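Engineer:
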Ligand SMILES: *Cc1c(COP(=O)(O)O)cnc(C)c1O
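Numbering (the numbering used here), first residue to last: 121 to 476.
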C-alpha cells in the first residue's frame, strides 16, 4: 500500500537537500508540482518583459517553445538557431552577445529529441564574463552530464528526474540563484498568485521549512522523487553520469559497426542521454519504424523519418539495454549482429579494465 499520508516536514526538507546536492548549489531549488515543462514555462513567464532583450539558443524543439513563451511576455527575443543535427558553438554565442547586448541568455543543455549536448561549461564561462542572467533547461542533462549550478553561475535551471535519474515525471524542480530571485522580484510582470509563479514558491528565507508544506505537491510523486535521488546518491552522481557516457559510447561503437551514422554531426556534441541515428534517404526503409522497439524509438515530430532515438537513459544506461538496442538495429538493417555487439562490449570491458 503506497504511503498516502501527508509529507512530513523532514521529508520535505530531505527532498530540498537532495535537490541542492544534485545541482551542486547552496540554494534550495523550488519544487514544481508537475512535470518539468511547467517549470520551464514558469521561468519564461517570470523573466519575460517588454524592454528585456533575451538571447535564446535554439538547438531543438524545446528551445523554440521557450522563445515563444518569452515573446508572449513582450520580450525582445533574439535567437541563434542551429540545424537540429548540430549544437551551438561558443563563437556563435559570443558574436550574438556582442551584437544584441542581451540581459539574459537561455538554452537547452542537452536535447533528448536530437541527441545533441551544447557546450554548457563554455557557454556559461562566457555569460559570466558578460554578467548575463542565465537559463538552462537541464532536464535531459541532469544525471547524464554535470550540472554545476553555483560554480557555473546558472541563475535558473529546470530539471526533472524522469530521464537519467529513473525517477517520477509528475514532479520537478527549478534551481534559482539569488540574482535570479532579484531579477524576478524586479519584474512587475513576473506572475504572482498563478500556477506559473516562481515567486509564489519561494521558501521563507530564515527558516525555509517552517512554513506549511504546499498542498499542491503530490505526496506519492514527492516520495518517489526522494527515493530516486537517494538511489542516485548511493550509486554516486559521478558513477551515474559515467554509466550514461559508457552507454552512449557503446551504442555509437555498435551503430558504426553496422555501417550506420550518428544524426549529430560532431562527436563532441553527442548527448550521453540519447543517441540519435540518421536514417539514410536511400535504403533506410528498415529504420523507419512506427513504434518503439525497446529503447529504439522513432524520431519525434518533425524529426520523424529522419532519425531514430536510442533512449539509453535511467535504468537503460546499462550494457544489457545497449546490447538489446544494437541487436534491434542489426535486425532492422538485416545484418548479423556479432561484430556490432562485440564493438559495444569493448567499451564496457575497457571501462572495467580501467577500473582495476
Ligand atoms: C524531457 C524534456 C523536457 C520536458 O520534460 P517533461 O517532464 O516531459 O515536461 C524539457 N526539456 C528537455 C530538454 C527535455 O528533454
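Where a beta carbon is used, it is the ideal one built from N, C-alpha and C, also for glycine. Since we're looking at a predicted model, the values are computed, not measured.
#1: What are the start and end residues of each continuous beta strand (DSSP E) run of 3 or more residues lying completely inside the region 406–464, in chain order?
#2: Look at the alpha carbon of residue 234 and the alpha carbon of residue 180, and state the distance between them as a whole number of angstroms.
#3: Which residue comes first and which comes last in the alpha helix (DSSP H) that contains residue 192?
#4: Since residue 493 is in the beta strand (DSSP E), which residue starts that stretch and which ends it?
#5: Pull up the distance between the alpha-carbon of residue 392 and that of residue 165, whole angstroms please.
#6: For the structure I just gave you, are there three or more beta carbon pairs, one from the region 357–364 and one from the region 413–427, closer than 8 Å?
#7: Looking at residue 150 and ligand 1, is the gap between the Cβ and the nearest heavy atom below 7 Å?
#8: Since I believe residue 138 is in contact with residue 318 (beta carbons under 8 Å), could you give me their beta-carbon distance rounded to a whole number of angstroms?
#9: So residue 368 is in the alpha helix (DSSP H); what residue range does that whole segment cover?
#10: Less than 7 Å between the CB of residue 289 and some heavy atom of ligand 1, yes or no?
#11: Please confirm whether any heavy atom of ligand 1 lies closer than 7 Å to the CB of residue 124.
#12: For residue 121, count neighbouring C-beta atoms within 10 Å of its own C-beta (all shown protein chains included) and say buried if the count is 16 or more, exposed if not.
#13: Could you say which of 430, 151 and 439 lies nearest to residue 279 if we only look at CA atoms?
#14: For residue 143 versus residue 269, is the C-beta distance shorter than 8 Å?
#15: Note down the Cα distance separating residue 224 from residue 171, rounded to an integer number of angstroms.
#16: Could you check the C-alpha separation between residue 327 and residue 217 for me, to the nearest Å?
#17: Can you check which of these residues, 124, 232, 153 and 204, is closest to residue 432 by C-alpha distance?
#18: Within its chain, find whatever has a CB closer than 7 Å to the CB of residue 210; leave out the 5 residues flanking it on each side and keep chain order.
#19: Following a CB-centred definition, is residue 348 positioned closer than 7 Å to any heavy atom of ligand 1?
#20: Could you compute how far the alpha carbon of residue 435 sits from the alpha carbon of residue 352?
#21: Ligand 1 heavy atoms versus the CB of residue 415: any closer than 7 Å?
#22: Which whole-angstrom value describes the C-beta separation of residue 196 and residue 178, a residue pair presumed to lie in contact below a C-beta threshold of 8 Å?
#23: Can you give the Cα-Cα distance for residue 207 and residue 175, rounded to whole angstroms?
#24: Residue 478 and residue 295 look like a contact to me (Cβ under 8 Å); what is the Cβ gap, rounded to whole Å?
#25: To the nearest whole angstrom, what separates the beta carbons of residue 183 and residue 227, a pair I think is in contact under 8 Å?
#26: State the Cα-Cα distance for the pair residue 167 and residue 187, rounded to the nearest angstrom.
#27: Got a sec, what are the start and stop residues for the beta strand (DSSP E) residue 173 sits in?
#28: In this structure, how does DSSP classify residue 246 when only helix, strand and coil are distinguished?
#29: One question on the structure: do residue 320 and residue 299 come within less than 8 Å of each other, judged by their Cβ atoms?
#30: For residue 372, count the other beta carbons within 10 Å of its own beta carbon; 16 or more makes it buried, fewer makes it exposed. Which is it?
#31: Would you grab the beta carbon distance between residue 291 and residue 337 for me? Rounded to a whole angstrom, and I think it's under 8 Å.
#32: Are the region 247–256 and the region 283–290 touching by the rule of at least three beta carbon pairs closer than 8 Å?
#33: Taking the straight line between their C-alpha atoms, what separation do you get for residue 219 and residue 133?
#34: Please list, in chain order, all residues of the same chain as residue 448 whose beta carbon is under 8 Å from its beta carbon, the five residues on each side excluded.
#35: Is there at least one non-hydrogen atom of ligand 1 closer than 7 Å to the beta-carbon of residue 188?
#36: Mind checking residue 302: buried by the 16 CB within 10 Å criterion, or exposed?
Structural biologist: Let me lay it out:
#1: 416–418 and 427–430
#2: 7 Å
#3: 181–192
#4: The structure shown has nothing for residue 493, since the chain only spans 121 to 476.
#5: 30 Å
#6: no
#7: no
#8: The pair is not a contact, with the Cβ atoms about 20 Å apart (cut-off 8 Å).
#9: 357–377
#10: yes
#11: no
#12: exposed
#13: That would be 151, whose Cα lies nearest to the Cα of residue 279.
#14: yes
#15: Taken atom to atom, the span from the alpha-carbon of residue 224 to that of residue 171 is near 12 Å.
#16: 39 Å
#17: 232
#18: Only 239, 242, 243 and 246 meet the Cβ criterion.
#19: no
#20: 11 Å
#21: In this structure, residue 415 has its CB at a distance of at least 7 Å from all heavy atoms of ligand 1.
#22: In fact, because the Cβ distance is near 16 Å, the residues do not count as touching under 8 Å.
#23: 15 Å
#24: Residue 478 is absent from the structure shown; the chain starts at 121 and stops at 476.
#25: 7 Å
#26: 12 Å
#27: 173–178
#28: Three-state DSSP puts residue 246 in a helix.
#29: no
#30: buried
#31: Correct: roughly 7 Å between the Cβ atoms.
#32: no
#33: 44 Å
#34: 413, 414 and 416
#35: no
#36: exposed
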